[in-house]
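When you line the sequence shown up against the working numbering, it's residues 892 to 1286, in that order.
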Amino acid sequence: MEASSNKRMLYLIAIMVIGFNLRPAITSVGPLLGTIRDQIGLENWSAGTITSLPLIAFAVISPLAPRIGRRLGNDQAVMLGLILLFVGIGMRSVPYTPPLFIGTAIIGVGIAIMNVLLPAVIKEKFPHKVGQMTSVYSTSMAIFAATASGLSVPLAKNAGLGWELALLSWAVLAVVGIIVWVFVLRQDSTPKEEQIALSNRSFNDGNLWKSPLAWQVTLFMGLQSFIFYVIVSWLPEIMQSFGFSVSAAGWLVAYVQFVGLPSTFLAPVLAEKFSNQQGIVLGIGGGATIGFAGLLIGGPLPLIFVWVTLIGVTFGGAISLSLAMLGMRARNAEQASSLSGMAQSIGYIFAAVGPLFIGLLFDITHAWNASLIAIVVICLLMTLAGLGAGRNRYV
892 MEASSNKRML YLIAIMVIGF NLRPAITSVG PLLGTIRDQI GLENWSAGTI
942 TSLPLIAFAV ISPLAPRIGR RLGNDQAVML GLILLFVGIG MRSVPYTPPL
992 FIGTAIIGVG IAIMNVLLPA VIKEKFPHKV GQMTSVYSTS MAIFAATASG
1042 LSVPLAKNAG LGWELALLSW AVLAVVGIIV WVFVLRQDST PKEEQIALSN
1092 RSFNDGNLWK SPLAWQVTLF MGLQSFIFYV IVSWLPEIMQ SFGFSVSAAG
1142 WLVAYVQFVG LPSTFLAPVL AEKFSNQQGI VLGIGGGATI GFAGLLIGGP
1192 LPLIFVWVTL IGVTFGGAIS LSLAMLGMRA RNAEQASSLS GMAQSIGYIF
1242 AAVGPLFIGL LFDITHAWNA SLIAIVVICL LMTLAGLGAG RNRYV
């Protein structure tokens, strides 16, 4: 049953706060990575591990998160994720190598649990508003992800906090989340034992891995993750090859994320209004393919800017639509959590492999053409997977 009216606002706030917490602990690191490396005395490869550890944790923990949800209850498991996030941020801010890496790994574990179980919580509390609620948390996530990237250096240098306190400052969001979820747990009148019993009812995770529809949802999630992390990693270099300055190329990455915010919000809302989402998938996949094909063809800088804008708008929608499908293709919260675990586990493997593969192509060819051709092919495959995932069916 949908959340009663006197609880809806609390759950809405709680879901938004989780969205606030899903990315800043990760995206705040990149701009400070060189400073951390120099102050602690890390090699480049080990400094890079700081950014890859959360993705590894996502891939490893995502299949296990539904089991944690069934054992504790989804709401309690989300609270556990927030606590782990808080502990991890605190440990990572200690300027020594062991706590830096251990804390980073704990951050990844906490976020992975929340990543996987939030679609299940939405499916349970708002079964008829999956698209709207996915819009709320995915947009919250995107706004704070971009904001954290932009604020890291000003907090560390202009405000004089240093990298340690700049990264520690994002623990405030985790504290707010914990406080809000304490109220959620107190307001939930369902006994803990009954929640766990409901979470364990008659759904076998193993069946999911045999479902063609589940694999189509997973591939759509994975392939859009592949391309998104390629954008974040390599778009500045690609833009520099077109003649943009280093500074302008860096700002374009932030622009890509911000210009995608309206479509991040709108895609799940629109998806909920149609019996299937294939038309939206065609719009997103077609737009992304045109954008990257445009970069492959080239042109004057204003036209390049148009292609980059198209890429930003389409991938803002791709991210939130893939998250919405986790609930839309599931009959209940248990299926949603299991599908979310499967899709996000494979998805973050794709996310980790994407930048490496595209970078390897560049190393082999010493030009971006082969890499852009590969991305166009991945866009087409993503569209095909999305057309299957967008059908009005359940796993």
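The C-beta atom is built at its ideal place from N, Cα and C for all residues, glycine as well.
When only Cα atoms are considered, alanine 1033 and asparagine 1260 end up about 29 Å apart. Pairing alanine 968 with isoleucine 1004, the inter-Cα distance amounts to about 7 Å. Here isoleucine 931 has Pro986, Tyr987, Thr988, Leu991 as same chain residues with Cβ atoms under 8 Å from its own Cβ, once five neighbours each way along the sequence are excluded.
Nearest Cα to methionine 1233 within the set Arg1077, Arg914, Pro1018, Leu1099: Leu1099. Collapsing the DSSP output to three states places glutamate 1128 in a helix. Taking the C-beta atoms as reference points, phenylalanine 1156 is found no nearer than 9 Å to threonine 1038. Collapsing the DSSP output to three states places valine 1286 in coil. Note on geometry: alpha-carbon atoms of isoleucine 927 and proline 1103 lie some 44 Å from one another. Taking all protein chains shown into account, threonine 995 has 16 or more neighbouring C-beta atoms within 10 Å of its C-beta and is therefore buried. If only uninterrupted alpha helix (DSSP H) runs of at least 4 residues are considered, those enclosed by the region 979-1044 are 988-1016, 1021-1044.
Here alanine 1050 carries a coil assignment [DSSP, helix/strand/coil]. Judged by their CB atoms, glycine 1218 and lysine 1014 are nearer to each other than the 9 Å cut-off. A contact is defined here as three or more CB-CB pairs under 8 Å, and the region 1247-1255 fails this definition with respect to the region 1147-1167. A straight-line Cα-Cα distance of about 8 Å links isoleucine 1240 and isoleucine 947. Residues Gly994, Leu1059, Ala1062 of the same chain have their beta carbon placed closer than 8 Å to that of glycine 981, with the five preceding and five following residues left out of the count. Below 8 Å, enough C-beta pairs join the region 1013-1027 and the region 1221-1231 to call them touching: three or more.
For leucine 1064, the uninterrupted alpha helix (DSSP H) segment begins and ends at 1062-1078.
Of the residues assessed, lysine 1020 falls on the buried side of the cut-off, its CB having 16 or more other CB atoms within 10 angstroms.
When secondary structure is reduced to three states using DSSP, valine 1268 falls in the helix class.
Per the Cβ contact rule, the region 1175-1190 is in contact with the region 1261-1280 (3 or more Cβ pairs under 8 Å). For leucine 933, the three-state secondary structure derived from DSSP is coil. Scanning its chain for C-beta atoms nearer than 7 Å, with the 5 sequence neighbours on each side dropped, one finds around isoleucine 1269 the residues Leu1114, Phe1117, Ile1118, in chain order.
Residues Ser1154, Ala1158, Ile1175 of the same chain have their beta carbon placed closer than 6 Å to that of glycine 1208, with the five preceding and five following residues left out of the count. With a threshold of 16 other beta carbon atoms within 10 Å, threonine 1256 falls short and is exposed. Per DSSP, serine 1166 lies in no alpha helix (DSSP H) segment and is marked neither H nor E. Linking alanine 938 to leucine 924 through their CA atoms gives a straight-line distance of about 7 Å. No Cβ-Cβ contact shorter than 9 Å links methionine 1130 with alanine 1145.
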